[in-house]
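For the sequence shown, the residue numbers in my numbering are 399 to 1088. Some notes on the structure that comes next.
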Amino acid sequence: MGWQVDNVTVGLAALLAVLAYAYTKTNRAPDVYPIHLRQQADVSRTRNKGESAIYRSRVTPNGTPLLQAPEAGVKTAYDMFQVSVKRRPSKEYLGRPNKDGKYEYFTFSEINARVTHFGSGLISFCKLATGKETPVGIYHRNSVEWAITDLACCAYSLISVPMYDTFDSEALQYIIMNTSISVVVVGGHLLERLLSIASASPVMKYVIVADMPTLDPNIVEKAAAIGVTILTFEEVEVHGKAHLLQHVPPKASDLMTICYTSGTTGTPKGVMLTHLNITSAGAGLMAVLPPAFRLTEADRHLSYLPASHMFERNVFHCVTYHGLTIGFSRGDVAKLFEDIASFRPTIFPSVPRLLVRLHDRIRLGIDRGSPLVRFLFNMAYSMKKRELNAGRVSNNTIWDRLVFKRIQNLFGGQLRFMITGAAPISTDVIEFLRIIFGCQVLEGFGATETTAAGLITMFGDYSFAYGSHVGTPFASCEIKLIDAPSMNYLTSDQPNPRGELCIRGPLVMSGYYKEPVKTAEALDADGWFHTGDVAEILPNGTTKIIDRIKNLFKLSQGEYCAPEKIETKIKTQFVAQVWLYGEPVKSACVAIVVPDLDNLVPWAKQNGLTHDPEELIKLEKVRNLIHQDMLELGKDNGLLGFELPKAITLTTETFTVENGLLTPTFKSKRPQLKSKFQKELDAMYKELGL
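Below is the structure:
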């Protein structure tokens, strides 16, 4: 992805226009007057000991009901879809690219008919019971069939159970057996992996292949031999069309989905989310946006983030209610920008890793350009930054027309706003995107347990007066902090209260599936979900995430790492102790390793190296040996690429209770380890270029 002017003449003309315009001033008012940004949250007047005040959106201040739905009568995800079916039956709804990358579309009415056909076939052929919390597995990439399956589950009061394609066979089997899934809708590229666990998952009786019009008879025969019936998606629709069943609408309190997320030990936890969770999450977001920036049926959403994640799932149902056209990407990262340019989205939910990649590619294109290109870009950038500092974001300035339009067109040229979540993102990248694309860039915070919702930055807040933050609560939840004394974070801290972030409201889960103990640990008696994240409330009422209590960290691409599980799987013969570390703004994890000298020193003798441990760990050959050994063992133990440390540092200082690096039960004291090895961590990330 690059940027360049077509020729010198155009460049010179643009330069003259830019220089001329640089002396002019705009009288346009800021998008939001600064007075409205001074205190962005509503703050309760009372607080409990060891806790902060309760913070809410100013749309639903303390003492008023939190939002539960976008409008009266819309109480479920099923209702959200049916509203659009009734109001705009012939409007283009779901689209997918053909072989040439051009999109073909299905209307709301057409999808509604397919939902009825597929749902009827699913129930009648697979002998499913409706309204009795019957689970249906979805193991597929984003697609029209994924959406139809999800909507059919809503229409017939079934529970969808999405499964990440990154889950290993062990996790996949655990989920199927844990929820007693008898039918799974699967993508053809994942069929073999699913069938490999069929014998160990006897509850699974039916497999529906979403994207294969015909099936290999040998596969069908082998599956039948172990009691599994394989069907194509089309066969189920045809069967349902001949055996039509009336919809069985769910209630707001009914479970809509069980979304599995990795626990601290790596064992997936099933987050139970109801239809109320879905309706309140979408309504709570729209309510805090200015009317001019709320969704309309003219907007377009490209679905490329994993639909198995509640972030994309939440967006899908929200934009469905508002009548947007949804296009699915081809699922090929290399072709994502082609899909974006072809589909021309107006909203773009994303994750930091992709936005940072976009930022870097644009910057690289500019840096490789001619001196004139760089001069023009920097001039235009500085002028638009001046506008941004004055509180204005726009994509119709002279700078856009002469300089940035070419880049904007790579995204279809229609973007109104981006929303980023799943991991932190630097303020520099957010500022860059606002300037280049001339659109709103909002950063949010949520968890699977809060329907991937919770907090969002405020429209018009471009200054970062107190540094980066994740904004204020949705209109459907409230937050507070509680003391975290073990990490020295207190709500009485000055100048700002600090502590564990807790969220309460209709968007919070009902619990973990078949996990009452873990549910009680996460949800207290008053309904507060304890996130495990440490936050700070800034003077303007916004929330800044500053640390993590739970031993589970997230990388910049949104992937979770369970360090204790990983550490046990990379502990080779040369490793006595290992501490894995990752940062939410980095795309890789690193490790501090205490070598097992009983094994390392003899190896060194055999290879003619020094016997002095302090000198030995300084050798690159030794570090590479240990690192490579750890990587190989980790892969053999089934770890994924992002779970493996990309760099290691060796130390001879053992982690002990006496030096404060282990607890009395010999668990790693991660905050203390981070403090002790901060220089080494910084050096490794610098070495990696992160």
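Quick reminder that beta carbons are idealized off the backbone N, C-alpha and C, glycines included.
Asked: Leu879 beta carbon less than 8 angstroms from that of Ile935; Found: yes
Asked: Member of Thr718, Ile947, Leu687 whose CA lies at the smallest distance from the CA of Val430; Found: Leu687
Asked: Same chain, Cβ closer than 6 angstroms to Val983, five either side skipped, listed in chain order; Found: Pro822, Ser954
Asked: Cβ-based neighbour list, Gly1032, same chain, cut-off 6 angstroms, excluding 5 preceding and 5 following; Found: Lys967, Ile968, Leu1042
Asked: Alpha-carbon spacing of Ala640 relative to Thr514, whole angstroms; Found: 11 angstroms
Asked: Nearest residue (CA-CA) to Leu435, options Leu831, Gly789, Lys1072; Found: Gly789
Asked: Gly499 beta carbon less than 8 angstroms from that of Glu736; Found: yes
Asked: Beta-carbon separation (whole angstroms), Ile606 vs Val634, contact threshold 8 angstroms; Found: 6 angstroms
Asked: Distance between beta carbons of Leu752 and Leu831, contact taken as under 8 angstroms; Found: Between Leu752 and Leu831 the Cβ distance is about 11 angstroms, and since that is not below 8 angstroms, they are no contact.
Asked: Neighbourhood of Ala679 by C-beta, 6 angstroms cutoff - its chain only, sequence neighbours within 5 removed; Found: Asn712, Thr849, Ala851, Leu905
Asked: Option in Gly858, Glu876, Leu549, Asn793 with minimal Cα separation from Cys837; Found: Asn793
Asked: C-beta atoms of Leu998 and Leu978 nearer than 8 angstroms; Found: no
Asked: Where the alpha helix (DSSP H) containing Ser567 begins and where it ends; Found: 567–577
Asked: Secondary structure of Glu490, DSSP reduced to three states; Found: strand
Asked: Beta-carbon contacts of Ser507 that lie in its chain and below 8 angstroms, excluding the five residues immediately before and after; Found: Val483, Pro487, Ser488
Asked: Through-space distance from Ser985 to Leu1017, alpha-carbon basis; Found: 27 angstroms
Asked: Nearest neighbour of Asp697, chosen from Ser706, Thr723, Val583 [CA to CA]; Found: Thr723
Asked: Proximity of Cys670 and Ser908 at Cβ, strictly below 8 angstroms; Found: The amino acid occupying residue 670 in the given sequence is Met; Cys does not appear at that position. In contact: Met670 and Ser908 (Cβ atoms closer than 8 angstroms).
Asked: Any alpha helix (DSSP H) of 4 or more consecutive residues that is wholly inside the segment 839–920; Found: 914–920
Asked: Short Cβ contact (8 angstroms threshold) for Lys649 with Val626; Found: no
Asked: Among Thr564, Phe523, Ala553, the one whose alpha carbon lies nearest that of Val646; Found: Ala553
Asked: Closest by C-alpha distance to Leu653, when choosing among Val457, Asp548, Leu629, Ala681; Found: Asp548
Asked: Start-to-end residues for the alpha helix (DSSP H) that takes in Thr1089; Found: Residue 1089 is absent from the model: the chain starts at 399 and stops at 1088.
Asked: Where the beta strand (DSSP E) through Thr630 begins and ends; Found: 627–630
Asked: Asn446: CB within 7 angstroms of a non-hydrogen atom of the ligand MN; Found: Looking at this structure, you won't find the ligand MN or any other ligand, since it has none at all.
Asked: Val932 classed as buried or exposed, judged by whether at least 16 other C-beta atoms fall within 10 angstroms; Found: buried
Asked: Secondary structure of Arg742, DSSP reduced to three states; Found: coil
Asked: Helix, strand or coil at His928 according to DSSP, with G and I counted as helix; Found: strand
Asked: Identity of the residues DSSP links to Phe802 by a beta bridge; Found: Phe802 pairs with nothing; no bridge assigned.
Asked: Segment contact, 8 angstroms Cβ cut-off, at least three pairs: the segment 773–781 with the segment 796–808; Found: yes
Asked: Beta-carbon spacing of Ile764, Phe775 below 8 angstroms; Found: yes
Asked: Option nearest Ala820 by Cα separation, candidates Ile833, Phe802, Ile834, Leu840; Found: Leu840
Asked: Per-residue burial, Lys423 [other beta carbons within 10 Å of its own, 16 or more giving buried]; Found: Confidence at Lys423 is low in this model, with a pLDDT of 48, below 50, so the placement of that residue should be treated as unreliable; the coordinate-derived value is given next. Under this definition Lys423 is an exposed residue.
Asked: Straight-line gap, Asn894 to Tyr864 (C-alpha atoms, nearest Å); Found: 11 angstroms
Asked: Contact the segment 690–708 vs the segment 532–552: 3+ CB pairs below 8 angstroms; Found: yes
Asked: Span of the alpha helix (DSSP H) around Gly836; Found: Per DSSP, Gly836 belongs to no alpha helix (DSSP H) and is neither H nor E.
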